[in-house]
Structures are given as C-alpha cells and as structure tokens.
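If you're matching positions, the sequence shown starts at 149 in my numbering and goes up one per residue. Using N, Cα and C, we set each Cβ at its ideal position, and we do this for glycine too.
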Amino acid sequence: MSGFTFELVPQKPAHRRERKRTFRLLAGTAGPYGEVSLRITTYPEEATLVAEGLPEASLSHPDAPSGYIPVDARTRLVVGGVTASLARNRRALRKEDRGIEIRLGGRSYTYLCGDTGREELWDSERGPVVRKGAPGANAGITMLVLPDADATDLSLALILQGADRLVLTVGGAIISGVMSFLNGSEGNA
Numbered sequence: 149m150s151g152f153t154f155e156l157v158p159q160k161p162a163h164r165r166e167r168k169r170t171f172r173l174l175a176g177t178a179g180p181y182g183e184v185s186l187r188i189t190t191y192p193e194e195a196t197l198v199a200e201g202l203p204e205a206s207l208s209h210p211d212a213p214s215g216y217i218p219v220d221a222r223t224r225l226v227v228g229g230v231t232a233s234l235a236r237n238r239r240a241l242r243k244e245d246r247g248i249e250i251r252l253g254g255r256s257y258t259y260l261c262g263d264t265g266r267e268e269l270w271d272s273e274r275g276p277v278v279r280k281g282a283p284g285a286n287a288g289i290t291m292l293v294l295p296d297a298d299a300t301d302l303s304l305a306l307i308l309q310g311a312d313r314l315v316l317t318v319g320g321a322i323i324s325g326v327m328s329f330l331n332g333s334e335g336n337a
C-alpha cells in the first residue's frame, strides 16, 4: 500500500453529558481505513479509538488526573485485543533514549521525537511507519502514514495521541524527573 496523509480534527461531543466527561475528541478519515474517532475521557481516564477498518485500541491509567494519559508502569494499552507492555527511560537526556518503548504481540516499537522534531512511531524491523506532522489548519493533528505501515501500526500511532507525550522532549523529561522526585517516584517506569 502507498503512504497517505490525513488530519484528525477536534470535535465537540454531541450530548451535553458527554462534554463534561470528554477531555478531547478527534475525528478524521484515515485514507483506505475510513472514518476514525479518538476520544479521551476524564473519568475514567481513558483514550479509545473507534474505526471501521482498524483494530480497536484503548489506553488507560488508574489514577484520577484528567487530561492526556500518563505513561508509566500502571498504564494499560490494548490494540486489537492484545495487551502491550510500555516502558520509558524517565532519566534519559538523548532523544533516542527518551522514547516510549512498546511491545505488542511479537512486535517492538518506539514512539519518539524524530530528527525533524516531529513525533514518529518506529518499528524495530521496518523503521518509521507513522509520523505526526505539523498542526493542521483547524488545530488538528496531521498524520503521515508511510508505505510500510499496516492497520496495527496506524491504530497504535493514533491511540498514542491520547498519551502524555511531553516526556519526549528535553524540557518535558526534566519536568517529569522533578515531579517524580517530588511525588516519590510512584508508578513511574
């Protein structure tokens, strides 16, 4: 399959009751995979991906803070019914070391801030498979799906848009380190 680009645009939930629980809702058309929707809720703190042509995915954390889902030892990621293991080196200063390590089934991925300063999902065997582009015209997220990517790669990249990815930058890594020191390093991996 050839690569393609698409945009996830912020939406408002249809019902007022849903608006109170929804932190962010993004929707778009992912090329041949059709309509996709990413919802990040505040209670329970969870991100869910719903798409007709892609495996279902969810990202959750048991703690109470609202917003993007933190990535630590208690974060649960499921793509296509397979639970992934997540790890990150919270003390790393090099960008290659700050990535989020993901083991999903027999695959190994790293989600990191690439050479261009844009976020990328790397497969250990195929290299980069999905890139996050510059913000779109409607404050959305532009996604570039490379030719080697399959449906699982795209689902994983999309659900990670619900994760707290601030730790991928040097400033974010420093702030995360200070906060984990002040909070007693509970749950951080």
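Same chain, Cβ closer than 6 Å to residue i, five either side skipped, listed in chain order
i, result
"Leu426", "There is simply no residue 426 to check, as the chain begins at 149 and stops at 337 in what is shown."
"Ser208", "Glu194 and Arg224"
"Gly229", "none"
"Leu156", "Leu174, Gly176, Gly288 and Ile289"
"Pro210", "Arg222"
"Lys160", "none"
Beta bridge counterpart(s) of residue i as assigned by DSSP
i, result
"Arg164", "For Arg164, which the question treats as bridged, DSSP gives no partner whatsoever."
For residue j and residue i, believed in contact at Cβ under 8 Å, the rounded distance
i, j, result
"Ala311", "Tyr216", "6 Å"
"Asp301", "Asp271", "7 Å"
"Leu316", "Leu260", "6 Å"
Same chain, Cβ closer than 7 Å to residue i, five either side skipped, listed in chain order
i, result
"His163", "none"
>> Quick check on the DSSP output: what are the complete beta strand (DSSP E) runs of length 3 or more inside the segment 173-259, in order along the chain?
In response: Runs found: 183-189, 194-199, 205-208, 224-227, 230-236 and 248-252.
> Do the segment 246-253 and the segment 271-278 make contact, defined as three or more Cβ pairs closer than 8 Å?
Replying inline: Fewer than three beta-carbon pairs drawn from the segment 246-253 and the segment 271-278 are found closer than 8 Å, and the two stretches are therefore not classed as touching.
> Three or more C-beta pairs closer than 8 Å, one from the segment 198-208 and one from the segment 303-310: is that the case here?
Replying inline: Contact holds: three or more Cβ-Cβ distances are below 8 Å.
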